[in-house]
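**Student:** If you're matching them up, the sequences are chains A and B in order. What the first sequence shows, in our numbering, is residues 117 to 312, in sequence order. What the second sequence shows, in our numbering, is residues 117 to 312, in sequence order. Once you've had a glance at the structure underneath, I'll fire off some questions.
Number of protein chains: 2
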Amino acid sequence: MSEFGCGCNNKSIGEQKISTFAACGQGKFHPAGDDVRVADAKIDFVYPEVLFPSKRIYSIVGANKIREMVFYHHTLLRASAVGSLFPKDEEMFKIGTEKTAEFFIEALGGGEVYTPKHGHPALRMRHFAFTIDENARVIWLMMYKKTLKDVNFPKELIEEFWNWIEPLSIRMINRRTTAEPPQRYHFSYIKSEFGL
Amino acid sequence: MSEFGCGCNNKSIGEQKISTFAACGQGKFHPAGDDVRVADAKIDFVYPEVLFPSKRIYSIVGANKIREMVFYHHTLLRASAVGSLFPKDEEMFKIGTEKTAEFFIEALGGGEVYTPKHGHPALRMRHFAFTIDENARVIWLMMYKKTLKDVNFPKELIEEFWNWIEPLSIRMINRRTTAEPPQRYHFSYIKSEFGL
């Protein structure tokens, strides 16, 4: 019964309630009545917690494999529906991709190869310059699934890596196109594709 | 101490905590350690509650004044930095603006002049087609402030109207460009401009 088509929890002043836009279907539209009416505070959705990986991944695959993985992933993305987010110029593409590779190397425990040059990763903030909707995030994630296969990422490390990048990717979304929360793609959703 | 530059609440698995991206400054970046580490679930920000007006406004100003107000507002917006969101074609502009006017008339208690033709307003949903960032919302709101002045909206009704459209406008934001929550412009912020 909300004017937003996204809340059925209107109630009188004094109570406190927070729901999400997707929490309930559209009821009947209620125009102005005799009194001022309060429509609940709302959140869009909850960004799920992120499982940040241990040093195990780096200790097994090393910097070169991580760099190979990131370059392969960006090459796939460049040819995808979100390709316009990447530089057309080859040199700029290499510079940007190397920066991303350095982030992954440092984040995974390979030493300070990113922050001394670029500062805190602040990933969500750095991505504000690019319009990233729910679909762009799915493309990014599915291209990582393909990458992990194609670069023969060690199977025993995929779960730990995926549990990081899957929820992390949701945090880069800065353009909403639906009231539904971003879809989760838990490891259980992809593991059979790796024979796991 | 988060990898997102926007959370200092990482903690061990098992606890439950939700913070916002803007809740704390950037600490030091912490790369992978010996164990998997949990970064908290987060929300972006809370859309504040909306005070939906009573029939008092409609009963005093009537449909013609509301239509005049909406057309004036859209004409200002069309000439503003968000003008590209409105049709260039004059006839399409009039049709779209009349639709908005009908929404306002019905929402304010002037009878079913919108929903029989267009269905539930579902305002956030209908605005997904347009990229609306925090700044576009401020422009929309400030053009309403100017409109209320320029169309001589009855002073005694401005607070009730503003308390609706100000928080409502936040719900149309679908493109984030900062970790900060959208700025509030409470009635107390504008009332002196109306001699109130």
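Heads up, the beta-carbon is just placed ideally off N, CA and C, and yes, glycines get one too. Please read these numbers as outputs of a predicted model, since none were measured by experiment.
1. Distance check for residue 230 of chain B and residue 287 of chain B, CA to CA, integer angstroms please.
2. Short of 8 Å Cβ to Cβ, which residues in the region 177-197 of chain A face chain B?
3. Report back the beta-carbon spacing between residue 240 of chain A and residue 137 of chain B to the nearest angstrom; my notes put them in contact at under 8 Å.
4. To the nearest whole angstrom, what separates the beta carbons of residue 218 of chain A and residue 257 of chain A, a pair I think is in contact under 8 Å?
5. Would residue 302 of chain A pass as a contact of residue 259 of chain A if the rule is Cβ separation under 9 Å?
6. Is residue 156 of chain A near residue 175 of chain A, with beta carbons less than 9 Å apart?
7. If you run the structure through DSSP and keep just helix, strand and coil, what is residue 293 of chain B?
8. Within 10 angstroms of the Cβ of residue 208 of chain B, are there 16 or more other Cβ atoms? Answer buried if so, exposed if not.
9. Using a beta-carbon distance cut-off of less than 9 Å, what residues from the region 228-245 of chain B approach chain A?
10. Just grab the DSSP bridge partners of residue 249 of chain A for me.
11. Quick check on residue 158 of chain A: does DSSP put it in helix, strand or coil?
12. Looking at the structure shown, is residue 269 of chain B part of a helix, part of a strand, or coil, going by DSSP?
13. Nearest-angstrom Cα distance between residue 246 of chain B and residue 310 of chain A?
14. Do residue 147 of chain B and residue 224 of chain A come within 9 Å of each other at the CB atom, strictly closer than that value?
15. Which residues, in order along the region 273-299 of chain A, keep a beta-carbon less than 7 Å from a beta-carbon of chain B?
16. Closer than 7 Å by C-beta to residue 279 of chain A: which residues in its own chain qualify, once you throw out the five before and the five after it? Chain order, please.
**Tutor:** Let me spell this out:
1. Approximately 20 Å, taken between the alpha carbons.
2. Close to chain B, meaning a Cβ-Cβ distance shorter than 8 Å, is no residue of the region 177-197 of chain A at all.
3. So it is a contact: roughly 6 Å between Cβ atoms.
4. Cβ atoms of residue 218 of chain A and residue 257 of chain A stay farther apart than 8 Å, at about 21 Å.
5. Taking 9 Å as the cut-off, the Cβ atoms of residue 302 of chain A and residue 259 of chain A do not count as close.
6. At least 9 Å separates the beta-carbon of residue 156 of chain A from that of residue 175 of chain A.
7. Here residue 293 of chain B sits in coil by DSSP.
8. With fewer than 16 other Cβ atoms from the protein chains shown falling within 10 Å of its own Cβ, residue 208 of chain B counts as exposed.
9. Those residues of the region 228-245 of chain B that come within reach of chain A (Cβ to Cβ, closer than 9 Å) are 228, 230, 231, 235, 236, 237, 238, 239, 240, 241, 242, 244, 245.
10. Answer by DSSP bridge pairing, in chain order: A/291.
11. Strand, per DSSP.
12. It is coil, neither helix nor strand.
13. Taking the straight line joining both Cα atoms gives about 39 Å.
14. A contact, by the Cβ cut-off of 9 Å.
15. Those residues of the region 273-299 of chain A that come within reach of chain B (Cβ to Cβ, closer than 7 Å) are 276, 287, 290, 291, 292, 293, 294, 295.
16. Within its own chain, the residues whose Cβ lies closer than 7 Å to the Cβ of residue 279 of chain A, once the five positions on either side in sequence are excluded, are 167, 303, listed in chain order.
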